[in-house]
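In full-length UniProt numbering, the protein residues as written are 1 to 186.
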Amino acid sequence: MAFFLIQLALMIIGAVVHILVDRSVRRRTLGRAAELVLLWILVPGGAFGILAGIGHVGPNAPEIAEGIGPDFIPSMFQWELGWNDIAVGVLGVLCFRVRNRGGWLDAAVWALAISYGGDLAGHISQYYIHDNTATNNVWAIPAEIYIVGAVVIAWLVYRRTTPRSVAVRGPDAARGVDETEATSIS
């Protein structure tokens with residue numbers, strides 16, 4: 001339970017504070033606020049995804065499985081889920097780099113939405129169909145609803161309110177930095 005509550009609090013408080021203290025030339029615009037919400041879901045969410053993945057594949061896998069429900073035992077499925085969490089987590093964390101924003105942001109949003117959306121469907125079915133009231137099954141549901149809903153809505157707002165050159169090529173485009181100039185060594 002604490003894992004999910006800490007994750008949600010960090011995402012929400014981090015986004016609100018960042019929006020309030022933002023110094024970007026695009027600050028206080030709807031597109032910039034949506035970008036910051038995306039970043040505060042993807043980057044910390046990615047870090048928590050990596051931690052969860054390590055839990056699923058690491059030495060504590062039996063305890064993690066037990067916390068998900070009484071019928072869960074460490075298995076190949078848990079191993080695969082762990083590596084999926086790590087992969088989506090790394091993708092989210094790498095959005096922290098400004099030069100990775102453009103298309104990376106799109107990839108991270110949809111990888112996270114599909115992965116967590118599938119997890120959400122599984123947790124809900126476990127709760128309603130199999131009466132699985134284990135803490136890590138039940139508390140995953142509100143976290144996944146918020147994360148999937150907020151990331152898709154923020155992405156839609158960001159893409160509709162941000163100039164295409166910035167949304168596709170990343171924030172350097174807004175500053176007039178040509179990527180070939182920024183990476184050349186002369």
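All C-beta atoms in this analysis are idealised placements derived from N, C-alpha and C, irrespective of residue type, glycine included.
This structure is a prediction, so every number in the text was calculated from the model and none was measured.
Which same chain residues end up closer than 7 angstroms to residue 200 when comparing Cβ atoms and leaving out the 5 residues on each side of it in sequence?
Residue 200 lies beyond the stretch modelled for the chain, which goes from 1 to 186, so this question has no answer here.
Candidates 134, 132, 109, 162: closest to residue 150 by CA position:
Out of 134, 132, 109, 162, 109 has the C-alpha closest to the C-alpha of residue 150.
Counting only runs of 3+ residues fully inside the stretch 127-175, write out the beta strand (DSSP E) ranges in chain order.
The qualifying runs do not exist here; there are none.
Please classify residue 76: does DSSP put it in a helix, a strand, or coil?
Judged by DSSP in its simplified three-state form, residue 76 adopts helix.
Thinking C-alpha only, which one of 4, 15, 28, 133 is nearest residue 66?
Residue 66 has its Cα closest to that of 133, out of 4, 15, 28, 133.
My output table needs one value for residue 25: the three-state DSSP class, helix, strand or coil.
In this structure, residue 25 counts as coil in the three-state DSSP scheme.
Using 8 angstroms as the limit for Cβ to Cβ distance, is residue 28 near chain D?
Of the chains in the structure shown, none is chain D; there is only one protein chain.
Using only the alpha-carbon positions, how far apart do residue 139 and residue 1 sit?
Roughly 6 angstroms between the two C-alpha positions.
So, using beta-carbon positions, are residue 61 and residue 40 closer together than 8 angstroms?
The Cβ-Cβ distance between residue 61 and residue 40 does not fall below 8 angstroms.
In whole angstroms, give me the CA-to-CA distance for residue 33 and residue 159.
Just so you know, the alpha carbons of residue 33 and residue 159 end up roughly 12 angstroms apart.
Tell me the DSSP secondary structure of residue 71 in three-state form.
Coil at residue 71, not helix or strand.
Residues of its chain near residue 19, where Cβ-Cβ distance is below 6 angstroms and the 5 sequence neighbours each way are ignored
When the five nearest sequence neighbours on each side are left out, the beta carbons in the same chain lying within less than 6 angstroms of the beta carbon of residue 19 are those of 33, 36, in order along the chain.
Looking at the secondary structure, which residues open and close the alpha helix (DSSP H) in which residue 43 lies?
Residues 30-57.
Can you tell me whether residue 9 is buried or exposed, with buried defined as 16 or more other CB within 10 angstroms of its CB?
Counting other Cβ atoms within 10 Å of its Cβ, residue 9 stays below 16 and is therefore classed as exposed.
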